[in-house]
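S.K.:
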Amino acid sequence: MEITKKDVELAAKLAKMKVSEREVAIYQEQLEALFKWVRELAAVNTDNVKLTNVNHCAHLRADVPTSDPALAAQLRSAFDEEQDHCAKVKKVL
Amino acid sequence: MMTVLEIVKAVSSGEKTAEQITRQSLAKIAELNPSINAFVEVFEADALARAKEVDAKRARGEKLGVLAGVPVAIKDNILYKGHKATCCSKMLENYVASYTSTVVERLLAADAVIIGRTNMDEFAMGSTNQTSVYGPVKNPVNLECVPGGSSGGSAAAVAAGMVPVALGTDTGGSVRQPAGFCGIVGIKPGYGRISRYGVIAFASSADQVGILTATVADSARVLEVLAGKDVHDSTSLDSPVPQYEHLFTDGLKGVKVGLPKGFLDGLRQDIKDKLNQAAARLKDMGAQLVDVDVPYAKYAAPCYYIITSAEASSNLGRYDGIRYGYADNQAKDLNTYYEGSRAPFGLEVKKRLIIGTYALTSERYEECFLKAMKVRELIREDFKKAFEQVDVLLTPTSPTTAFKLGQHDEDPLALYLADLYTCQGNIGGLAGVSVPFGKDGKGLPIGVQFYGPILKEEKILNAAYNLEKGL
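In order, the protein sequences belong to chains W and S. Take the first sequence: its letter number 71 is residue 71 in this note's numbering, and every next letter is one higher. Heads up: take any position in the second sequence, counting from 1, add 1000, and you land on this note's numbering.
In structure tokens:
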């Protein structure tokens, strides 16, 4: 995973930032050192690791019923699938 | 400066007025801030008005809050309606908060007095407080040294006796590391214990508000006020908040203190010696020392820099001149408008945004970001297993004591390593507290750290309280 000047320029462009040639040179050197360190992670076996939430209370489905069942049904109908009276969205990851 | 508990007692009993305490704090700031640069703005008129309200409340015979008359400094990334919050960045130089953060609301409800906003590394990215647009903060213990960061202004303000308590934020050690460098107490509760509503985001899965005070009991009192569920932050945890001070014990009989294997390898000898002394002291107080294995913790730092930079690249996307931040009104088209509007970011912020964006590119996503996220899971599992065996873990706070301003400017990796022992807590979502434990040969403070599981802040506070008491 060698970091080139092009990599730095591309990432800066994606981040909508203008960087000078001098900055590109500095960042390339510093990123190279950092990513050498990151490469150590490759040695860790993560084959069976599943991602979980940062804490166990985040992003739970609210169990508060809507005050307008007709509106709720209308909103659910906009989705392809429904489960337990909730709209089911496609898995992203 | 009196401690938090002393101030509350004095104000509640009428021995001192909140106005007197506030004026003392303002005088100390006026005397010392020109040489330390801890505060970027002092809310003098507001603070005095607020103090008078507290005094009037007492005069009416109303019950005072548990922080009655206590002057509190807030880091420049915490919102207080009608006051500037700039993250010490040119990007937000004229931003005025349009609402108040939950932490400030809770402080005010407890009758505290918000005294001003403190200096910090730009957007909380740094561990020296040298990347602030307002200039560096000096360590009150030795003005040639850094105070640590990113909450360096908050730590310096408490260490210099300008205020008895300051709030900081801790994404990779930004409360505990400066606490260690300045010789004070710094606690970062477990992720979700304190609401992040109204705190300007850096890396949302690691950011947490922390508390800096002179004593452990003071930190416990402030944590009691700040902790608890907040409807405005879905990641805040819904769990009862204990009166931490009431859970302090005399000694540590029956407490199991874990010593992570390999943590001291390569550590500076004087810091290693201090840690061993701290362990021996805990044993004398009745604690049982247990060696524990946390094999993946050594990977926390690279995980931290990938994950937090990636989250920052997303969070700081809002500073585009349209939604927030500086607007380049001279630009001729949309692309140059964005580039011009994002130009005020400093070098360190730009670098982290580049790291984060690079790690999220389709070519690098799996080997960088996803890999770091999976290793994070292993680290969390490591700590979970460790806390099945022990109550708390004892570690160094930092691998060094405070160093000279500018010393590592050419070697950012050396600066990143300053977070080695603290970023594990953010990656694991743990509760961590740094407590001062002696000094090095140059008279610079050495901090030791206790880690505890999420929602068990009382365990680390009690261990720290006993260690502090034994000094």
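Ideal placement from N, C-alpha and C gives every residue a C-beta, glycine not left out.
What separation, rounded to the nearest whole angstrom, lies between the Cα atoms of V1004 (chain S) and V1290 (chain S)?
M.R.: So the alpha carbons of these two residues sit roughly 34 Å apart.
S.K.: Checking 7 Å against the spacing of the C-beta atoms, do L1394 (chain S) and L1237 (chain S) come in under that value?
M.R.: No; because the gap between Cβ atoms is not below 7 Å, this pair is not in contact.
S.K.: Per the DSSP calculation, A1166 (chain S) is bridged to which residue(s)?
M.R.: S:A1073 and S:L1212.
S.K.: Can you have a look at G1432 (chain S) and say buried or exposed, based on whether 16 or more other CB atoms are within 10 angstroms of its CB?
M.R.: Per the 10 Å Cβ criterion, buried.
S.K.: Scan the stretch 1396 to 1415 of chain S for residues whose Cβ lies nearer than 7 Å to a Cβ of chain W and list them as they occur along the chain.
M.R.: Answer in chain order: P1412 and L1413.
S.K.: In chain S, what lies closer than 7 Å to A33 (chain W) by C-beta?
M.R.: Neighbours of A33 (chain W) on chain S, chain order: L1413.
S.K.: Please report whether the beta-carbon of M1091 (chain S) lies at a distance below 7 Å from any beta-carbon of chain W.
M.R.: No, M1091 (chain S) lies away from the interface with chain W (no Cβ there is under 7 Å from its Cβ).
S.K.: Only counting the same chain, and skipping five residues up and downstream in sequence, which positions put a Cβ closer than 6 Å to that of K1274 (chain S)?
M.R.: Here the set comprises F1437, G1438 and I1446.
S.K.: Can you check DSSP and say which residues form a bridge with S1106 (chain S)?
M.R.: Note that residue 1106 (chain S) corresponds to Arg in the displayed sequence, not to Ser. Answer is none; R1106 (chain S) lacks a bridge partner.
S.K.: Would you list, in chain order, the members of the stretch 9 to 33 of chain W that have their beta-carbon closer than 8 Å to a beta-carbon of chain S?
M.R.: Going along the stretch 9 to 33 of chain W in chain order, one finds L10, A11, A12, L14, A15, K16, M17, K18, V19, E23, I26, Y27, Q30, L31 and A33 with a Cβ nearer than 8 Å to chain S.
S.K.: Please tell me whether R1058 (chain S) has its Cβ less than 7 Å away from any Cβ of chain W.
M.R.: So no, R1058 (chain S) is outside the interface.
S.K.: Which residues share a DSSP beta bridge with E81 (chain W)?
M.R.: For E81 (chain W), which the question treats as bridged, DSSP gives the partners W:K88.
S.K.: Should the stretch 1037 to 1053 of chain S be called in touch with the stretch 1204 to 1224 of chain S, which here means at least 3 C-beta pairs below 8 Å?
M.R.: No, because fewer than three Cβ pairs between the stretch 1037 to 1053 of chain S and the stretch 1204 to 1224 of chain S fall closer than 8 Å, the two stretches do not touch.
S.K.: Residues of the stretch 1320 to 1349 of chain S in Cβ contact with chain W at a cutoff of 9 Å, in chain order, please.
M.R.: Here the close residues are D1320, N1335, T1336, Y1338, E1339, G1340, S1341, R1342, A1343, F1345 and L1347.
S.K.: Using a Cβ-Cβ cut-off of less than 7 Å, give me the residues of the stretch 1002 to 1034 of chain S that come near chain W, in sequence order.
M.R.: Those would be none; no residue qualifies.
S.K.: Are the C-beta of K1081 (chain S) and some C-beta of chain W separated by less than 7 Å?
M.R.: No - not a single Cβ of chain W is within 7 Å of the one on K1081 (chain S).
S.K.: Determine, using beta carbons only, whether V1216 (chain S) and V1185 (chain S) come nearer to each other than 7 Å.
M.R.: Result yes, Cβ atoms of V1216 (chain S) and V1185 (chain S) sit closer than 7 Å.
S.K.: Flag this pair as touching only if the stretch 1417 to 1434 of chain S and the stretch 1172 to 1189 of chain S have three or more C-beta atom pairs under 8 Å; answer yes or no.
M.R.: With a cut-off of 8 Å, the stretch 1172 to 1189 of chain S and the stretch 1417 to 1434 of chain S count as touching, because enough Cβ pairs lie within range.
S.K.: Decide yes or no for the touch test of the stretch 1324 to 1340 of chain S against the stretch 1097 to 1107 of chain S: beta carbon pairs closer than 8 Å, at least 3 of them.
M.R.: Segments in contact, no.
S.K.: With three or more C-beta pairs closer than 8 Å as the rule, is the stretch 1413 to 1427 of chain S touching the stretch 1302 to 1322 of chain S?
M.R.: Contact between the stretch 1302 to 1322 of chain S and the stretch 1413 to 1427 of chain S is present, because at least three Cβ pairs lie under 8 Å.
S.K.: Measuring CA to CA, which of S:V1392, S:C1087, S:S1398 and S:I1007 is closest to V1163 (chain S)?
M.R.: Selected option, being the one with the closest Cα: S:I1007.
S.K.: For chain W, check one thing: does any of its Cβ atoms lie closer than 7 Å to the Cβ of L1420 (chain S)?
M.R.: No, because no Cβ of chain W sits closer than 7 Å to the Cβ of L1420 (chain S).
S.K.: Round the Cβ separation of V1255 (chain S) and D1391 (chain S) to the nearest angstrom and send it over; I've been treating them as touching at under 8 Å.
M.R.: Correct: roughly 5 Å between the Cβ atoms.
S.K.: For the pair the stretch 1117 to 1135 of chain S and the stretch 1083 to 1092 of chain S, tell me if three or more CB-CB distances fall below 8 Å.
M.R.: Yes, they touch.
S.K.: In whole angstroms, what is the alpha-carbon distance linking E1144 (chain S) and L1405 (chain S)?
M.R.: Taking the straight line joining both Cα atoms gives about 6 Å.
S.K.: Can you give me the C-alpha to C-alpha distance between N1466 (chain S) and R1196 (chain S), rounded to a whole angstrom?
M.R.: Cα to Cα, the separation comes out at about 30 Å.
S.K.: What do you get for V1231 (chain S), buried or exposed, if any count of 16 or more other CB atoms within 10 angstroms of its CB means buried?
M.R.: Exposed: under 16 other Cβ atoms inside 10 Å.
S.K.: Thinking C-beta only, is R1106 (chain S) closer than 7 Å to D1076 (chain S)?
M.R.: No.
S.K.: If you drop the 5 nearest sequence neighbours on each side, which residues of the same chain put their C-beta closer than 6 Å to that of V1011 (chain S)?
M.R.: If we look at V1011 (chain S) and ignore the five residues flanking it on each side, its Cβ neighbours are A1018, A1068 and G1069.
S.K.: Kindly say whether V49 (chain W), judged by its beta-carbon, lies nearer than 7 Å to any beta-carbon of chain S.
M.R.: Yes, V49 (chain W) counts as interfacial toward chain S.
S.K.: Under 8 Å Cβ-Cβ, which residues of chain W neighbour A1372 (chain S)?
M.R.: Those within 8 Å of A1372 (chain S) in chain W are V38 and L41.
S.K.: Applying the criterion that 16 or more other CB atoms from any shown protein chain within 10 Å of the CB defines a buried residue, is S77 (chain W) buried or exposed?
M.R.: Exposed, by the Cβ-count rule.
S.K.: Any beta-carbon of chain S closer than 7 Å to the one on T46 (chain W)?
M.R.: Yes, because at least one Cβ of chain S sits closer than 7 Å to the Cβ of T46 (chain W).
S.K.: Candidates S:G1014, S:A1220 and S:P1034: which alpha carbon is nearest G1061 (chain S)'s?
M.R.: Ranking the options by Cα distance to G1061 (chain S), first place goes to S:G1014.
S.K.: Would you kindly report the start and end of the unbroken beta strand (DSSP E) that includes A1312 (chain S)?
M.R.: Unbroken run through A1312 (chain S) is the alpha helix (DSSP H), A1300 to N1315; no beta strand (DSSP E).
S.K.: Would a check of beta-carbon distances place Y1451 (chain S) closer than 7 Å to chain W?
M.R.: Y1451 (chain S) does not count as touching chain W.
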